[in-house]
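Undergrad: Let me begin by handing over the structure; questions about it come next.
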Amino acid sequence: MELTILMPCLNEEKTIEKCIRKAKHFLESNHINGEVLVVDNGSSDHSVQYAKACGARVVTAAAKGYGSALIEGNKQVKGRYIIMGDSDDSYNFEEILPFLEELRAGKEFVIGNRFLGGIEKGAMPLLHKYIGNPFLSYMGRKLYKCNIGDFHCGLRGYEKKAMESLELKCTGMELASEMVIRAVQHNLKISEVPVKLYKDGRNGRSHLRSFRDGMRHLYILITYRNKREKR
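Structure, rendered in structure tokens:
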């Protein structure tokens, strides 16, 4: 199998069906041998039932946390390549061909850049858009001497074997930073593509906790600076 589209999920019954339909349409319209894999992280609503009804494969991550869900998902994928994205409809899975093209061309880690692709009005809190994300991305570029413009874009693609070599450990939102840092430290072939961020369809509270998660990202950026392992 060439591609797994991986979606972590926690109580996303309002949007999970829409995300899966878009992902499946992308696979079918581009004649790609692939699957949609939903990693449930303890949903108490109808997310799992809806995902299965839409034809996605569903697995469970017993340990809580965004990072835990992705680490478990990476163990369960069948595709050579993985494109991961949130299941809240903030990214359009019909627009992910540039990620796959980069992977097919030999890149091992492809990350989206929302500041280049566009941020729909209301899609990102102003604090994150003008202070949080730019500051943390700036710190990442300076500390790790890389050119990645958006360290925390949730839409990214990677080669399965390359990602396994990183041995990711973080269980929370800070896995987003750990993934980028470890990819740089292991000299993966990295590229960045513009991606548009849409206002999510949750109509409820985000899973992200601005101060707590921001401090965790900063902690990872600083402490991983001394871990210079190379492939």
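Residue numbers (numbering that gives the first Met the number 0): 0 to 230. We put the beta carbon where it would ideally sit given N, CA and C, even for glycine.
Can you name, in chain order, every residue of its own chain whose Cβ lies under 7 Å from the Cβ of Lys-21, other than the five neighbours on each side?
TA: Within the sequence shown, the letter at position 22 stands for residue 21. Cβ within range, chain order: Asn-91, Phe-92, Glu-93.
Undergrad: Using three-state DSSP, classify Cys-53 as helix, strand or coil.
TA: The residue labelled residue 53 in the question sits at position 54 within the sequence shown. The three-state secondary structure of Cys-53, taken from DSSP, is coil.
Undergrad: Near Thr-170, what residues of its chain come up, given a Cβ to Cβ distance below 7 Å and the 5 sequence neighbours on each side ignored?
TA: By one-based count along the sequence shown, residue 170 stands at place 171. Answer for Thr-170: Ala-62, Gly-64, Gly-66, Ser-67, listed in chain order.
Undergrad: Taking buried to mean at least 16 other C-beta atoms within 10 Å of its own C-beta, is Asn-132 buried or exposed?
TA: Mapped onto the sequence shown, residue 132 falls at position 133. The residue in question, Asn-132, is buried, as its Cβ has 16 or more Cβ neighbours within 10 Å.
Undergrad: Is the distance from the Cβ of Gly-235 to the Cβ of Arg-181 below 9 Å?
TA: The requested residue 235 is not part of the displayed model; the chain covers only 0 to 230.
Undergrad: Would you be able to state if there are at least three C-beta pairs under 8 Å between the segment 120-137 and the segment 74-83?
TA: no
Undergrad: If I follow the unbroken beta strand (DSSP E) through Arg-155, where does it start and stop?
TA: Translated into the one-based positions of the sequence shown, residue 155 becomes position 156. Unbroken beta strand (DSSP E) run through Arg-155: 155-158.
Undergrad: Beta-carbon within less than 7 Å of Arg-201's beta-carbon, same chain only, minus the 5 sequence neighbours each way: which residues are those?
TA: On the sequence shown, residue 201 is found 202 positions in, with the first residue counted as 1. When the five nearest sequence neighbours on each side are left out, the beta carbons in the same chain lying within less than 7 Å of the beta carbon of Arg-201 are those of Lys-13, Thr-14, Asp-87, in order along the chain.
Undergrad: How far does the beta strand (DSSP E) with Leu-167 in it reach, from first residue to last?
TA: Sequence index remark: in the sequence shown, residue 167 carries index 168 (1-based). Per DSSP, Leu-167 belongs to no beta strand (DSSP E) and is neither H nor E.
Undergrad: Please go through the same chain and pick out, in chain order, the residues whose beta-carbon is closer than 8 Å to the beta-carbon of Glu-101, but skip the five residues on each side of it.
TA: Numbered from 1 along the sequence shown, position 102 holds the residue referred to as residue 101. Excluding positions up to five away in sequence, the list reads Val-109, Gly-156, Ser-190, Val-192.
Undergrad: Using 10 angstroms around the beta-carbon of Asp-44, count the other beta-carbons present and answer buried if the total reaches 16, otherwise exposed.
TA: Against the sequence shown, residue 44 aligns to sequence position 45. Exposed, by the Cβ-count rule.
Undergrad: Can you have a look at Leu-126 and say buried or exposed, based on whether 16 or more other CB atoms are within 10 angstroms of its CB?
TA: Looking up residue 126 in the sequence shown gives position 127. Burial call: exposed.
Undergrad: The beta strand (DSSP E) with Phe-108 in it runs from where to where?
TA: Indexing the sequence shown from 1 puts residue 108 at position 109. Taken as a continuous stretch (DSSP letters only), the beta strand (DSSP E) holding Phe-108 covers 108-112.
Undergrad: Which whole-angstrom value describes the C-beta separation of Gly-7 and Asn-32, a residue pair presumed to lie in contact below a C-beta threshold of 8 Å?
TA: Residue mapping note: residue 7 aligns to position 8 of the sequence shown, counting from 1. Residue mapping note: residue 32 aligns to position 33 of the sequence shown, counting from 1. Just to set this straight, residue 7 is Pro in the shown sequence, not Gly. Incorrect: roughly 23 Å between the Cβ atoms, too far for contact.
Undergrad: Taking the C-alpha atoms as reference points, what is the distance between Gly-105 and Ser-42?
TA: Here the question's residue 105 lines up with position 106 in the sequence shown. Here the question's residue 42 lines up with position 43 in the sequence shown. Those two C-alpha atoms are separated by around 36 Å.
Undergrad: The beta strand (DSSP E) with Ser-136 in it runs from where to where?
TA: By one-based count along the sequence shown, residue 136 stands at place 137. Run containing Ser-136: none in the beta strand (DSSP E); it sits in the alpha helix (DSSP H), 132-143.
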